[in-house]
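Chemist: Residue numbers (UniProt numbering): 1 to 335. Dumping the structure here so I can ask a few things about it.
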């Protein structure tokens with residue numbers, strides 16, 4: 001039995017726990033979709049799917065409520081698959097592992113998928129509850145919302161019978177969203193030249209971790225840390241001073257998730273190592289002061305590593321750092 005079974009209302013949390021147990025990242029929702037279709041048939045509900053895989057479940061009105069306006073409860077089937085760098089997890093095969101932390105339900109090392117799993121669970125729990133008095137009821141579950149709104153764009157006209165739709169994909173209980181965040185995608189291709197790391201240089205992995213991350217739509221206005229931007233800011237400020245060689249840089253995992261971790265493989269001359277450590281410690285204190293109320297677990301780490309790769313030449317290093325440093329981040333314009 002799931003740890004979530006102790007929460008109330010239990011039927012809702014039992015359904016959510018089941019959703020967590022079935023992998024459903026974007027473009028891999030089919031296993032969950034098949035489970036929900038089977039669940040609906042077992043309950044005796046009318047259920048059908050359209051050409052893009054959306055699910056529509058219908059439940060007749062409670063006796064005496066047949067003349068009420070039909071209502072659609074809508075959610076999406078997919079979740080954002082993001083994990084900590086040190087977490088071993090295959091989102092296409094492994095279940096999410098939810099647990100209770102005080103007043104919150106969280107997941108071990110990964111995103112929880114409450115967006116939109118708790119919305120799905122709420123809609124299905126309403127369907128399953130024979131004590132809820134309602135008019136004609138429909139539940140619409142759409143495909144691949146997080147990666148392109150495929151299900152919404154592919155929705156066929158006249159499929160729904162209801163005129164009122166309640167979307168469950170919001171963040172705050174008791175609030176209704178009147179708009180949403182937009183975004184811009186771009187791909188940058190750079191020609192970057194490399195050269196061998198000079199003799200007498202020591203190589204390190206510089207890690208910025210412990211950030212909250214979050215959805216780039218739901219949390220972008222909060223001012224949380226972006227690991228990519230924070231780490232490259234350090235490089236921009238000290239690369240020339242340290243004669244730093246940049247070998248590799250990685251950060252973030254998804255276009256719609258605020259990066260919670262970033263990693264740079266760097267090399268400096270042996271006589272600059274103590275300076276690097278001092279600058280890094282100072283920068284960590286600056287960040288902790290700047291983000292004291294929002295990113296209490298922020299950490300900047302430096303680990304010695306082996307390396308056999310060439311580093312970017314100074315011009316390419318500076319081009320890369322300046323590009324990433326100048327890339328817009330956060331809210332650009334309010335509607």
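Beta carbons are placed, not taken as given, at the ideal position from N, Cα and C, and that holds for glycine. Remember, it's a predicted structure, so these values are computed and weren't measured experimentally.
Flag this pair as touching only if the region 160–170 and the region 69–78 have three or more C-beta atom pairs under 8 Å; answer yes or no.
Modeler: yes
Chemist: Identify the continuous beta strand (DSSP E) that holds residue 52 and give its terminal residues.
Modeler: Residue 52 -> no beta strand (DSSP E), and no H or E assigned at all.
Chemist: Just to confirm my understanding: we take residue 272, look at its own chain, exclude 5 residues before and 5 after, and list those with CB closer than 6 Å. What are they?
Modeler: So the qualifying residues of the chain are 242.
Chemist: Residues in the same chain with beta-carbon distance under 8 Å from residue 257, minus the five sequence neighbours each way, listed in chain order, please.
Modeler: 80, 82, 111, 213, 214, 215, 216
Chemist: List the residues that DSSP assigns as beta-bridge partners of residue 76.
Modeler: 142
Chemist: If you follow the alpha helix (DSSP H) that residue 118 is in, where does it begin and where does it stop?
Modeler: Where residue 118 is concerned, the enclosing alpha helix (DSSP H) starts and stops at 114–128.
Chemist: Name the one or two DSSP bridge partners that residue 98 has.
Modeler: 107
Chemist: Pull up the CB-CB distance for residue 142 and residue 148, whole angstroms please, since I reckon it's below 8 Å.
Modeler: So it is not a contact: roughly 11 Å between Cβ atoms.
Chemist: Tell me the residue span of the alpha helix (DSSP H) that contains residue 237.
Modeler: 227–242
Chemist: Mind checking residue 58: buried by the 16 CB within 10 Å criterion, or exposed?
Modeler: buried
Chemist: Spatial neighbours of residue 39 within its chain, please: CB distance less than 8 Å, with the 5 preceding and 5 following residues excluded, ordered by chain position.
Modeler: 124
Chemist: Between which residues of its own chain and residue 109 is the CB-CB distance below 7 Å, once the five residues before and five after are set aside?
Modeler: Cβ within range, chain order: 83, 84, 87, 89.
Chemist: Quick test of your reading: residue 307 and residue 197, contact by CB under 8 Å. State the CB separation rounded to the nearest angstrom.
Modeler: 7 Å
Chemist: Please report the straight-line C-alpha distance between residue 317 and residue 95, rounded to a whole angstrom.
Modeler: 40 Å
Chemist: Can you give the Cα-Cα distance for residue 226 and residue 289, rounded to whole angstroms?
Modeler: If you draw a straight line from the Cα of residue 226 to the Cα of residue 289, it is about 15 Å long.
Chemist: Compute the Euclidean distance between the alpha carbons of residue 61 and residue 323, then round it to the nearest angstrom.
Modeler: 58 Å
Chemist: On the DSSP bridge assignment, give the partners of residue 268 in chain order.
Modeler: Per DSSP, 202.
Chemist: Roughly how many angstroms lie between the CA atoms of residue 120 and residue 19, to the nearest whole one?
Modeler: 8 Å
Chemist: Under 8 Å, do residue 78 and residue 26 count as touching if we go by C-beta distance?
Modeler: Yes, these two residues count as a Cβ contact at 8 Å.
Chemist: Mark residue 115 as exposed unless 16 or more other C-beta atoms lie within 10 angstroms of its C-beta, in which case mark it buried.
Modeler: buried
Chemist: Suppose you measure from the CA of residue 104 to the CA of residue 7; what does that come to, to the nearest Å?
Modeler: 11 Å
Chemist: Consult DSSP for residue 211 and reduce its assignment to one of helix, strand or coil.
Modeler: coil
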